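Colleague: Quick note, the sequences are listed as chains A and B, same order. All residue numbers for the first sequence refer to our numbering, where the first residue is 1 and numbers rise by one. All residue numbers for the second sequence refer to our numbering, where the first residue is 131 and numbers rise by one. In this text, a Cβ means the ideal position worked out from N, Cα and C, and glycines have one as well. Note that the structure is predicted; figures quoted are calculated from it, not measured.
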Amino acid sequence: MAAEPVPRREVVTRHPGSTPAHTAYRSTPYRPATEPPRALTPAAHAHVRRLIRRQLRAGLATGAALALLVGTLPLVFRYLPGTGLGPVPAVVVWLVLGVAVYPLLLLLAGRYVRRAERNERDYTRAVEGA
Amino acid sequence: MNQPYGVAAVSAVIVATVAVGALGLRISRTTSDFYVASRSVPARLNAAAISGEYLSAASFLGIAGLVLAQGVDMLWFPVGYTAGHLVLLAFVAAPLRRSGAYTLPDFAEARLESRAVRRAAGLLVVVVGWLYLLPQLQGAGLTLGTLTGLPSWSGGIVVAVVVALSVAAGGMRSITFVQAFQYWLKLTALLVPLLFLLFAWYADGRPAPALDEPPGFRGHAEVRVDDGVTLRIGEPLRVTVTGTVDGHRHDGEPVELAPGRHRVDAGTVLGFPPGSTVPERSTAGGDGGTSTGWAEPRGHAGEEHPLYATYGLILATFMGAMGLPHVVVRFYTNPDGRAARRTTVVVLGLVGAFYLLVPLYGALGRVYAPDLLLTGNTDTAVLMLPDRLIGGTAGDLLGALLAAGACAAFLSTASGLTMAVAGVLTQDFLPSPRGVRHFRLATALAVAVPAAGHVVVQGLSVANAVGLAFAVAASSFCPLLLLGIWWRRLTAAGALAGLVTGGGAALAAVFATVMGGPDSGWPRALLAWPAVWSVPLGFLTMILVSLATPKRVPAGTDAIMARLHLPEAPVPVPPAGAWKARR
Numbered sequence: 001m002a003a004e005p006v007p008r009r010e011v012v013t014r015h016p017g018s019t020p021a022h023t024a025y026r027s028t029p030y031r032p033a034t035e036p037p038r039a040l041t042p043a044a045h046a047h048v049r050r051l052i053r054r055q056l057r058a059g060l061a062t063g064a065a066l067a068l069l070v071g072t073l074p075l076v077f078r079y080l081p082g083t084g085l086g087p088v089p090a091v092v093v094w095l096v097l098g099v100a101v102y103p104l105l106l107l108l109a110g111r112y113v114r115r116a117e118r119n120e121r122d123y124t125r126a127v128e129g130a
Numbered sequence: 131m132n133q134p135y136g137v138a139a140v141s142a143v144i145v146a147t148v149a150v151g152a153l154g155l156r157i158s159r160t161t162s163d164f165y166v167a168s169r170s171v172p173a174r175l176n177a178a179a180i181s182g183e184y185l186s187a188a189s190f191l192g193i194a195g196l197v198l199a200q201g202v203d204m205l206w207f208p209v210g211y212t213a214g215h216l217v218l219l220a221f222v223a224a225p226l227r228r229s230g231a232y233t234l235p236d237f238a239e240a241r242l243e244s245r246a247v248r249r250a251a252g253l254l255v256v257v258v259g260w261l262y263l264l265p266q267l268q269g270a271g272l273t274l275g276t277l278t279g280l281p282s283w284s285g286g287i288v289v290a291v292v293v294a295l296s297v298a299a300g301g302m303r304s305i306t307f308v309q310a311f312q313y314w315l316k317l318t319a320l321l322v323p324l325l326f327l328l329f330a331w332y333a334d335g336r337p338a339p340a341l342d343e344p345p346g347f348r349g350h351a352e353v354r355v356d357d358g359v360t361l362r363i364g365e366p367l368r369v370t371v372t373g374t375v376d377g378h379r380h381d382g383e384p385v386e387l388a389p390g391r392h393r394v395d396a397g398t399v400l401g402f403p404p405g406s407t408v409p410e411r412s413t414a415g416g417d418g419g420t421s422t423g424w425a426e427p428r429g430h431a432g433e434e435h436p437l438y439a440t441y442g443l444i445l446a447t448f449m450g451a452m453g454l455p456h457v458v459v460r461f462y463t464n465p466d467g468r469a470a471r472r473t474t475v476v477v478l479g480l481v482g483a484f485y486l487l488v489p490l491y492g493a494l495g496r497v498y499a500p501d502l503l504l505t506g507n508t509d510t511a512v513l514m515l516p517d518r519l520i521g522g523t524a525g526d527l528l529g530a531l532l533a534a535g536a537c538a539a540f541l542s543t544a545s546g547l548t549m550a551v552a553g554v555l556t557q558d559f560l561p562s563p564r565g566v567r568h569f570r571l572a573t574a575l576a577v578a579v580p581a582a583g584h585v586v587v588q589g590l591s592v593a594n595a596v597g598l599a600f601a602v603a604a605s606s607f608c609p610l611l612l613l614g615i616w617w618r619r620l621t622a623a624g625a626l627a628g629l630v631t632g633g634g635a636a637l638a639a640v641f642a643t644v645m646g647g648p649d650s651g652w653p654r655a656l657l658a659w660p661a662v663w664s665v666p667l668g669f670l671t672m673i674l675v676s677l678a679t680p681k682r683v684p685a686g687t688d689a690i691m692a693r694l695h696l697p698e699a700p701v702p703v704p705p706a707g708a709w710k711a712r713r
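1) Would you mind sorting B/D334 into buried or exposed? The rule is 16 or more other CB atoms within 10 Å of its CB.
2) Are at least three pairs of beta-carbons, each pair with one atom in the segment 688-697 of chain B and one in the segment 225-232 of chain B, less than 8 Å apart?
3) Would DSSP call B/A298 helix, strand or coil?
4) Between A/A24 and A/T41, what straight-line distance do the alpha-carbon atoms span, to the nearest angstrom?
5) DSSP on B/F402, reduced to helix/strand/coil?
6) Rounded to a whole number of angstroms, what is the C-alpha to C-alpha distance between A/A44 and A/R121?
7) Contact between the segment 187-203 of chain B and the segment 492-501 of chain B is defined here as three or more beta-carbon pairs at a separation below 8 Å; is this criterion met?
8) For the pair the segment 570-590 of chain B and the segment 603-614 of chain B, tell me if three or more CB-CB distances fall below 8 Å.
9) For the beta strand (DSSP E) containing B/I444, list its first residue and its last residue.
10) By how many angstroms is the C-alpha of A/Y112 removed from the C-alpha of A/T62?
11) How long is the line joining the alpha carbons of B/H350 and B/P404, rounded to whole angstroms?
12) Counting only the same chain and skipping the five closest in sequence on each side, list residues whose C-beta sits under 8 Å from that of B/V148.
13) Measure the C-alpha to C-alpha separation of A/L66 and A/L105 and round it to an integer number of angstroms.
14) Considering Cα atoms alone, identify which of B/A187, B/V596, B/A599 and B/A544 is closest to B/A715.
15) Is the number of C-beta pairs between the segment 315-328 of chain B and the segment 525-542 of chain B that are closer than 8 Å three or more?
16) Taking Cβ to Cβ, would you say B/A194 is nearer than 9 Å to B/A642?
17) Leaving out five residues before and five after B/F669 in sequence, what residues of the same chain have Cβ atoms less than 6 Å from its Cβ?
18) Measure from the alpha carbon of B/V399 to the alpha carbon of each residue in B/P384, B/G646 and B/A572, then state which is nearest.
19) If you drop the 5 nearest sequence neighbours on each side, which residues of the same chain put their C-beta closer than 7 Å to that of B/L480?
20) With a threshold of 9 Å between beta-carbons, can A/G59 be considered close to chain B, or not?
21) Taking C-beta to C-beta, are B/A550 and B/G259 nearer than 9 Å?
22) Any chance you could list the alpha helix (DSSP H) runs of at least 4 consecutive residues sitting entirely within the segment 618-667 of chain B, in chain order?
23) For a contact meaning CB atoms closer than 8 Å, what does A/G63 contact in chain B?
24) Provide the residue span of the beta strand (DSSP E) that contains B/T370, from first to last.
25) Give the DSSP-derived three-state secondary structure of B/V587 in the structure shown.
26) Assign B/I363 to one of three DSSP states: helix, strand, or coil.
27) Taking a Cβ distance cut-off of 7 Å, strictly less, list which residues of the segment 312-325 of chain B are near chain A, in chain order.
28) Cβ closer than 8 Å: which chain B residues qualify as neighbours of A/T124?
29) Put B/P609 into one of helix, strand or coil per three-state DSSP.
30) For B/R241, is the classification buried or exposed, using 16 other Cβ atoms within 10 angstroms of its Cβ as the cut-off for buried?
31) Does chain A have any CB closer than 9 Å to the CB of B/M691?
32) Do the segment 279-290 of chain B and the segment 554-562 of chain B make contact, defined as three or more Cβ pairs closer than 8 Å?
33) Is the shortest distance between the beta-carbon of B/F448 and the beta-carbons of chain A less than 9 Å?
34) Which bits of chain B does A/P205 rub up against, with CB to CB less than 8 Å?
35) In chain B, which residues lie less than 8 Å from A/E128 when you measure between Cβ atoms?
36) Please confirm whether B/V202 has its beta-carbon closer than 9 Å to some beta-carbon of chain A.
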């Protein structure tokens with residue numbers, strides 16, 4: 001079932017003929033549909049893996065921040081009254097869930113985008129400097 | 131609500147939709163060529179288009195209704211719908227755009243080189259699309275029913291036909307600016323009436339719902355109960371009854387109701403004196419418990435395991451947004467991965483701005499439309515408020531604007547979903563996928579199934595039904611996308627097993643809930659909020675089966691992983707003729 005060979009699907013946003021051979025790393029992933037897969041050079045491979053690892057870390061950091069700052073709120077609202085601090089005032093809950101969460105999400109998104117783009121710039125620099 | 135204004139507003143939106151659909155064949159070809167080929171859709175326009183397609187009837191009507199009925203905990207719905215885009219941004223947006231995939235099955239096939247996985251993904255797209263279409267048609271039925279007094283199922287059928295015609299005639303698929311316009315229409319339709327409503331509320335002496343518990347009628351109120359209902363009454367209540375209560379026929383005379391449960395038959399009109407408490411509706415599903423603690427978070431009101439239910443909702447919405455077929459398609463219009471990221475950030479802002487407004491409708495509804503708690507039509511709160519607070523011609527006009535916004539909400543989402551489902555049906559499931567005729571057949575099929583379902587399954591809360599669609603998407607597509615993008619050892623066998631197990635389990639839970647499975651205790655909670663266990667199940671199955679089939683990691687994995695993550699080099703724009711347009 002999984003083993004049957006399948007013709008590769010075309011990348012329709014990029015005309016195969018127009019694929020620029022800027023770098024060996026770049027042209028390989030965008031190879032035309034009919035060509036058999038080519039292996040990356042070991043050095044290129046290392047660069048790519050490093051980029052993927054760094055991007056994964058950026059994503060996980062964002063996900064962790066989301067889980068920590070927003071995902072724990074139900075527990076806070078539920079168990080804070082039991083800790084002697086008293087119940088969370090209703091107005092606070094409304095303001096947190098109805099208003100404050102949204103700027104926070106935007107902030108996390110902005111930080112993630114900056115970090116991801118920095119990772120990509122570092123990658124480009126590393127490849128060009130190699 | 132004044133009928134002529136509302137009917138005119140809704141008709142205008144429907145006519146515009148059909149007209150755009152009819153012209154769509156010509157327009158969509160040129161615009162999609164133009165936009166996709168020149169890669170020049172600005173992030174803001176594209177983001178407005180994504181938001182326009184994303185904000186559905188559940189957002190426009192459902193959330194306010196849930197907030198009205200169950201209070202502050204329901205704010206987790208909009209928070210989850212928005213936060214889902216942050217998760218999408220952090221793990222999926224750029225790589226998905228760089229994969230060049232147009233749909234989820236495209237992605238599955240490109241990444242795993244397997245037709246079987248493609249088919250499984252396609253089947254799930256159809257299922258999630260149908261589940262998501264169901265509440266859209268329900269919202270349509272509610273809106274049109276409120277406007278015209280027609281039975282609610284007929285409104286859903288009307289909209290199903292409109293959507294099918296407009297999609298079959300040419301589709302709204304690539305018309306970015308139409309969807310973007312829909313976003314601004316929805317935001318305006320919500321914002322302008324809200325300003326007037328808040329002003330009226332202020333002038334009324336700012337009655338605060340949180341302090342006014344349990345909710346009471348502010349004036350003398352006549353409430354018609356359209357379906358048979360059992361009411362739970364806390365303290366003795368004197369009402370006038372025209373109809374049947376507890377099996378006794380009354381004809382407009384006052385009746386003293388003792389504390390306890392009372393059966394009210396369909397069609398009965400109850401008259402409440404000013405200041406009396408709104409009785410609780412008690413149903414088999416345990417949806418009561420609406421009268422106290424509205425403003426305090428307790429997890430889901432009326433749930434036996436409220437904290438679990440809240441986390442079920444959080445997991446489903448946070449992880450499910452990335453698996454919605456009509457959202458994924460839109461990422462393809464981004465010029466490149468970087469633009470896809472920036473677009474998603476703008477979507478977060480636009481969707482968040484919309485959700486800042488929605489809960490206010492729920493809170494106002496708690497004060498001015500508490501009778502909806504009794505009739506159970508809380509989803510219509512948004513539409514009723516202008517009439518209740520403002521009245522007169524101004525109230526009618528604002529109500530018409532809200533009706534137009536609601537109409538735009540379910541039309542845009544339903545069109546996007548129908549498009550996605552019909553596309554998958556044509557490509558992967560109907561024989562010889564060629565030609566427009568097949569696509570039209572697929573469109574009819576894509577709409578007919580949820581339309582039939584919506585007639586059969588009445589009385590499911592709009593926002594809850596959407597939550598179930600999210601749960602299925604989160605249990606199947608979320609593992610597929612996350613592992614496919616970030617884990618090179620994923621195999622086709624693993625992906626297939628995970629899709630079937632995670633998606634199948636969530637789907638089974640959904641069906642059990644909709645068909646009225648266990649109505650109390652942990653079994654009910656587990657089935658009603660499946661994401662807590664079905665998402666990990668999907669991930670675990672995918673990982674374990676992949677690890678067990680290490681020899682079947684696709685040969686091109688390294689190349690495709692590189693392609694998913696490498697930044698695009700700046701490319702000069704080639705002439706338009708060099709592009710291959712995709713139909």
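Modeller: Result, derived from the coordinates:
1) With fewer than 16 other Cβ atoms from the protein chains shown falling within 10 Å of its own Cβ, B/D334 counts as exposed.
2) Yes, they touch.
3) Of the three classes helix, strand and coil, the one that applies to B/A298 here is helix, per DSSP.
4) Residue placement at A/A24 cannot be trusted, given a pLDDT of 35 that sits under 50; what the coordinates show is reported in the next sentence. Approximately 9 Å, taken between the alpha carbons.
5) If DSSP states are grouped into helix, strand and coil, B/F402 belongs with the strands.
6) Using only the alpha carbons, I get a separation of about 16 Å.
7) Result yes; three or more Cβ-Cβ pairs closer than 8 Å.
8) Counting C-beta pairs closer than 8 Å gives fewer than three between the segment 570-590 of chain B and the segment 603-614 of chain B, which falls short of the contact rule.
9) Careful: B/I444 lies outside any beta strand (DSSP E), inside the alpha helix (DSSP H) at P436 to G450.
10) The straight-line gap separating the alpha-carbon atoms of A/T62 and A/Y112 is approximately 7 Å.
11) Answer to the nearest angstrom: the Cα atoms are 5 Å apart.
12) The beta carbon of B/V148 is closer than 8 Å to those of V292, L295, S296 and A299 in its chain, skipping five residues each way along the sequence.
13) Using only the alpha carbons, I get a separation of about 8 Å.
14) Since the first and last residues shown for chain B are 131 and 713, residue 715 of chain B lies out of range.
15) Contact between the segment 315-328 of chain B and the segment 525-542 of chain B is present, because at least three Cβ pairs lie under 8 Å.
16) No, the Cβ-Cβ distance between B/A194 and B/A642 is not below 9 Å.
17) Same-chain partners within the cutoff: P609.
18) Comparing Cα-Cα distances from B/V399 to each of B/P384, B/G646 and B/A572, the minimum goes to B/P384.
19) Correct list, in chain order: A177, A178, S181 and Y313.
20) Yes, its Cβ sits closer than 9 Å to a Cβ of chain B.
21) Yes, Cβ-Cβ distance for B/A550 and B/G259 is below 9 Å.
22) Those alpha helix (DSSP H) runs which fall completely within the segment 618-667 of chain B and span 4+ residues are 622-628, 634-644 and 651-658.
23) V217, A220 and F221, listed in chain order.
24) Segment L367 to V375, the beta strand (DSSP E) holding B/T370.
25) In the structure shown, B/V587 sits in coil (DSSP, three-state: anything other than H, G, I, E or B).
26) In the structure shown, B/I363 sits in a strand (DSSP, three-state: E or B).
27) The residues in question: there are none.
28) At a C-beta separation below 8 Å, A/T124 has these neighbours in chain B: P697.
29) In this structure, DSSP gives B/P609 a helical state, which the three-state scheme calls helix.
30) By the Cβ neighbour-count rule, B/R241 is buried, with 16 or more other Cβ atoms within 10 Å of its own.
31) True, the Cβ-Cβ gap to chain A drops below 9 Å.
32) Flag = no, the segment 279-290 of chain B and the segment 554-562 of chain B do not touch.
33) Yes, contact with chain A.
34) Given that chain A is displayed from residue 1 to residue 130, the structure contains no residue 205 of chain A and the question cannot be resolved.
35) Chain B residues near A/E128: none, gap ~11 Å exceeds 8 Å.
36) Cβ-Cβ to chain A under 9 Å: yes for B/V202.
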